[in-house]
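See structure below.
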Amino acid sequence: MPPRRDDRIILHFDYDCFYASVFEVENPSLKGVPLAVQQKQIVATCNYEARRRGLQKLQLVTEAKKTCPEVVTVLGEDLTKFRDASKELFQYLRSFSWNERVERLGLDEVFMDVSDIIAYNMGLLNYNDLRTAFFNMSRSDPTVGFSFDASVPAGHTFPEQVLPLAEDEEQHWSDPVFIQLRLRLHLASHLAQHLRLLVEKEKGYTSTVGVSTSKLLSKLAGNVHKPSAGTTLMPPYADDLQDDAGIEREKSNVRLFLSNYEVGLIPGIGHKMAHALRSFTLGREAAQSVELNYHKPSESVTVSEILKHPDANPIAFERLLSGHGAQRGIGTRVWQLLNGCDDSDVSQARDVPRGISIEDSYQKLEKLEDVHDELLRLTCSLVKRMRVDLVTDIEPRILDRVSHQKNEPQQRRWLARPKTVRLSTRDRFSSATNTEGERSWARTSRSCPLPSFIFDLGQSVPSIAEQFVTGTLENLFRKLHPDRFCLSLINVGVTDMDNEIDIRRGRDISTMFKTQNDRLSGWRIDTEIPQAMEKTSINGKSMERSDTMELYGSEEDMRLSQSSTKEVESLWQDEDEVDTLDDVDCTLCEAKLPAFAMAAHLRFHRLDS
DNA sequence: CGGGGCAATT
DNA sequence: AATTGCC
Ligand SMILES: Nc1ccn([C@H]2C[C@H](O)[C@@H](COP(=O)(O)OP(=O)(O)OP(=O)(O)O)O2)c(=O)n1
Ligand SMILES: [Mn+2]
Numbered sequence: 001m002p003p004r005r006d007d008r009i010i011l012h013f014d015y016d017c018f019y020a021s022v023f024e025v026e027n028p029s030l031k032g033v034p035l036a037v038q039q040k041q042i043v044a045t046c047n048y049e050a051r052r053r054g055l056q057k058l059q060l061v062t063e064a065k066k067t068c069p070e071v072v073t074v075l076g077e078d079l080t081k082f083r084d085a086s087k088e089l090f091q092y093l094r095s096f097s098w099n100e101r102v103e104r105l106g107l108d109e110v111f112m113d114v115s116d117i118i119a120y121n122m123g124l125l126n127y128n129d130l131r132t133a134f135f136n137m138s139r140s141d142p143t144v145g146f147s148f149d150a151s152v153p154a155g156h157t158f159p160e161q162v163l164p165l166a167e168d169e170e171q172h173w174s175d176p177v178f179i180q181l182r183l184r185l186h187l188a189s190h191l192a193q194h195l196r197l198l199v200e201k202e203k204g205y206t207s208t209v210g211v212s213t214s215k216l217l218s219k220l221a222g223n224v225h226k227p228s229a230g231t232t233l234m235p236p237y238a239d240d241l242q243d244d245a246g247i248e249r250e251k252s253n254v255r256l257f258l259s260n261y262e263v264g265l266i267p268g269i270g271h272k273m274a275h276a277l278r279s280f281t282l283g284r285e286a287a288q289s290v291e292l293n294y295h296k297p298s299e300s301v302t303v304s305e306i307l308k309h310p311d312a313n314p315i316a317f318e319r320l321l322s323g324h325g326a327q328r329g330i331g332t333r334v335w336q337l338l339n340g341c342d343d344s345d346v347s348q349a350r351d352v353p354r355g356i357s358i359e360d361s362y363q364k365l366e367k368l369e370d371v372h373d374e375l376l377r378l379t380c381s382l383v384k385r386m387r388v389d390l391v392t393d394i395e396p397r398i399l400d401r402v403s404h405q406k407n408e409p410q411q412r413r414w415l416a417r418p419k420t421v422r423l424s425t426r427d428r429f430s431s432a433t434n435t436e437g438e439r440s441w442a443r444t445s446r447s448c449p450l451p452s453f454i455f456d457l458g459q460s461v462p463s464i465a466e467q468f469v470t471g472t473l474e475n476l477f478r479k480l481h482p483d484r485f486c487l488s489l490i491n492v493g494v495t496d497m498d499n500e501i502d503i504r505r506g507r508d509i510s511t512m513f514k515t516q517n518d519r520l521s522g523w524r525i526d527t528e529i530p531q532a533m534e535k536t537s538i539n540g541k542s543m544e545r546s547d548t549m550e551l552y553g554s555e556e557d558m559r560l561s562q563s564s565t566k567e568v569e570s571l572w573q574d575e576d577e578v579d580t581l582d583d584v585d586c587t588l589c590e591a592k593l594p595a596f597a598m599a600a601h602l603r604f605h606r607l608d609s
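See the structure below:
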């Protein structure tokens with residue numbers, strides 16, 4: 001049995017019917033009516049009023065209208081609005097984090113590792129008066145927070161029945177592990193509820209929140225009660241619980257929770273692996289659902305049914321699942337997931353995405369001329385998005401001085417430079433692999449280095465796009481389709497983001513890594529705080545500060561120690577103040593110039609086209 | 001005739 | 001370059 005480590009507390013937020021909610025926030029009169037967000041011929045999502053009337057997510061529009069003729073449909077093919085709303089909500093939630101371990105999954109889900117906040121508040125908890133507790137959301141300002149009843153969790157729980165802590169005292173207070181985990185989950189459920197209601201009140205979005213000790217369990221817990229609610233997975237989490245006399249006690253709620261889950265609903269187990277696991281369990285090929293709505297397999301197999309199989313073990317899973325692009329160690333990973341174990345970290349927020357791509361789909365695209373036009377369209381929006389997402393408006397000081405001298409308009413600067421461009425297409429009649437009747441979904445792609453004129457901020461978007469299409473993309477396209485083609489999809493993307501900071505000269509890269517690692521080890525210490533504080537709080541002592549926190553001179557130092565690359569960059573600029581004579585890099589080419597020459601150099605670029 | 005887009009892995 | 005996974 002894989003070991004559990006339940007020392008973390010993780011919240012999972014999932015905004016309700018996200019795309020639909022964006023439209024409702026924008027236009028509240030849509031709130032009462034059944035609303036479907038349409039992308040081409042599919043209902044990407046629909047609001048809960050529509051679901052009440054039988055609509056489903058990812059349904060064909062024709063079916064949806066059959067089910068509910070009154071449905072109002074809005075077009076959601078342009079994701080800009082959703083991306084913007086997603087960013088805003090993400091930034092809002094992130095502002096409550098102390099450790100920056102806040103991870104976005106897709107546009108509408110956010111994981112938050114709040115172990116440190118919970119540990120801090122465990123330390124402040126008065127065990128003799130759980131019912132009138134105060135939750136501190138700031139370490140520096142003790143008035144920021146909310147009152148709550150720590151003897152019960154907020155919102156829903158799994159299982160549903162929970163006695164207030166004070167009332168089953170004799171049964172549980174003697175078990176420090178149990179009581180400590182339970183109290184932490186109580187606190188976390190109140191924090192989750194508080195944040196969920198704040199997001200609703202301040203931003204207008206309802207969401208579902210799950211509370212547990214891993215990404216896996218918090219996400220699944222949230223699913224139990226769906227629109228606008230919170231659910232906490234209650235302890236005990238460990239199984240084979242025995243007391244000193246060796247008498248078995250309650251069964252693990254994790255196991256109780258997972259055992260009847262359909263395997264395909266476990267995040268991390270997609271269609272392919274779910275099918276393999278079903279077939280493995282049944283001893284034969286599991287029935288395949290060729291439905292559009294492949295959420296429900298025509299033959300469902302639960303977690304407990306799989307684990308009952310005599311050959312269910314990590315080695316067998318590895319053999320079963322490895323091969324098709326799955327990672328090594330997938331057998332162990334899946335085995336752990338099915339047993340409710342997930343030690344994956346909530347990653348720190350990236351300030352910049354790893355890649356950006358734009359795509360569109362078509363009934364058919366056969367003429368080279370049309371392809372050119374579409375490439376141009378896609379490239380224009382790609383370049384625009386790059387300029388929004390990858391360019392900082394905040395002037396680095398060193399350039400600021402230059403533009404000041406020359407009375408230049410505000411300079412903008414690339415936060416990151418993708419190194420590669422990739423063109424992918426989907427051809428309807430691709431020669432490959434199609435058993436008759438089935439469509440080909442196979443994409444093919446070609447990539448090459450991204451030319452640097454893409455980064456020229458002085459040139460207009462359409463002019464860059466035209467240059468890019470004729471000079472780069474059409475070459476890639478000829479590689480993909482030397483002769484006839486009939487495309488149903490084109491995707492243009494840039495990848496291999498290189499943080500601008502990484503390619504800044506002067507200092508060498510190893511120096512930079514060292515700097516970053518120093519900062520990283522800063523918050524690695526931070527992650528140990530919960531442990532240290534838990535121990536002391538079990539003993540009934542209340543601490544104002546953990547010893548490890550003394551490593552930081554102040555809250556401000558703390559923030560710096562977890563700094564994003566943006567902040568790192570600003571640190572460097574401070575250093576640059578000292579040795580002003582260092583050359584700086586041109587943002588448009590590889591040139592290295594004295595700072596005072598940069599403005600003229602940039603004008604040279606503008607004339608360059 | 002099922003959309004648009006991200007990340008990890010090999 | 002292709003697969004798989006996630007939303
Ligand atoms: N295969 C998918 C899955 C999701 N989405 C989009 C539409 C959703 O609005 C958004 C979030 O996905 P969810 O699965 O969380 O669905 P919703 O938020 O719409 O609904 P729910 O209330 O069930 O969370 O991502 C999509 O376009 N295609
Ligand atoms: Mn959602």
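Mapped onto full-length UniProt numbering, the consecutive letters of the first sequence carry residue numbers 1 to 609. Ideal Cβ placement from N, Cα and C applies to all residues, glycine included.
Does the distance from the C-beta atom of residue i to that of residue j stay below 8 Å?
i           : j           : result
residue 333 : residue 356 : no
residue 74  : residue 37  : yes
residue 110 : residue 18  : no
residue 340 : residue 278 : no
residue 186 : residue 150 : yes
residue 425 : residue 487 : yes
residue 156 : residue 230 : yes
residue 368 : residue 465 : no
residue 6   : residue 125 : no
residue 348 : residue 100 : yes
residue 88  : residue 203 : yes
residue 446 : residue 476 : yes
residue 54  : residue 45  : no
residue 267 : residue 216 : yes
residue 16  : residue 218 : no
residue 420 : residue 496 : yes
residue 10  : residue 344 : no
With DSSP as the reference, please indicate the residues paired to residue i in a beta bridge.
i           : result
residue 15  : 207
residue 230 : 209
residue 414 : 391
residue 59  : 43
residue 71  : Answer is none; residue 71 lacks a bridge partner.
residue 104 : 110
residue 37  : 45 and 74
residue 9   : Note: residue 9 sits in no beta bridge, so no partner.
residue 302 : 262
To the nearest whole angstrom, what separates the beta carbons of residue i and residue j, a pair I think is in contact under 8 Å?
i           : j           : result
residue 224 : residue 158 : 6 Å
residue 379 : residue 469 : 6 Å
residue 450 : residue 359 : Not a contact, Cβ separation roughly 17 Å.
residue 49  : residue 35  : 7 Å
residue 626 : residue 301 : The shown model of the chain, from 1 to 609, leaves out residue 626, and the question about it has no answer.
residue 276 : residue 352 : Residue 276 to residue 352, Cβ: 36 Å. No contact.
residue 139 : residue 120 : 7 Å
residue 639 : residue 188 : In the structure as shown, the chain starts at 1 and stops at 609, and residue 639 therefore has no counterpart that could be examined.
residue 82  : residue 107 : 5 Å
residue 134 : residue 123 : Contact flag wrong, Cβ pair sits at about 13 Å.
residue 239 : residue 251 : 6 Å
residue 137 : residue 346 : The pair is not a contact, with the Cβ atoms about 18 Å apart (cut-off 8 Å).
residue 391 : residue 461 : Actually they are not in contact, since the Cβ atoms of residue 391 and residue 461 sit about 12 Å apart, beyond 8 Å.
residue 321 : residue 329 : That pair is no contact at about 10 Å.
Between the stretch 29–45 and the stretch 199–208, can you find at least three pairs of beta-carbon atoms closer than 8 Å?
Touching, no.
Which complete beta strand (DSSP E) runs does the stretch 416–499 hold, if anything under 3 residues is left out?
With a minimum length of 3 residues, the continuous beta strand (DSSP E) runs that stay inside the stretch 416–499 are 416–427, 443–449 and 487–499.
Runs of 4 residues minimum, wholly inside the stretch 320–397: which ones carry the alpha helix (DSSP H) assignment?
Taking only runs of at least 4 residues, the alpha helix (DSSP H) segments lying wholly in the stretch 320–397 are 330–338 and 368–389.
Which runs of the beta strand (DSSP E) at least 3 residues long sit entirely within the stretch 113–186? Give them in chain order.
Counting only runs of 3+ residues, the beta strand (DSSP E) found wholly inside the stretch 113–186 occupies 133–136, 145–148 and 156–158, in chain order.
Contact between the stretch 57–66 and the stretch 299–310 is defined here as three or more beta-carbon pairs at a separation below 8 Å; is this criterion met?
Verdict: no, contact absent.
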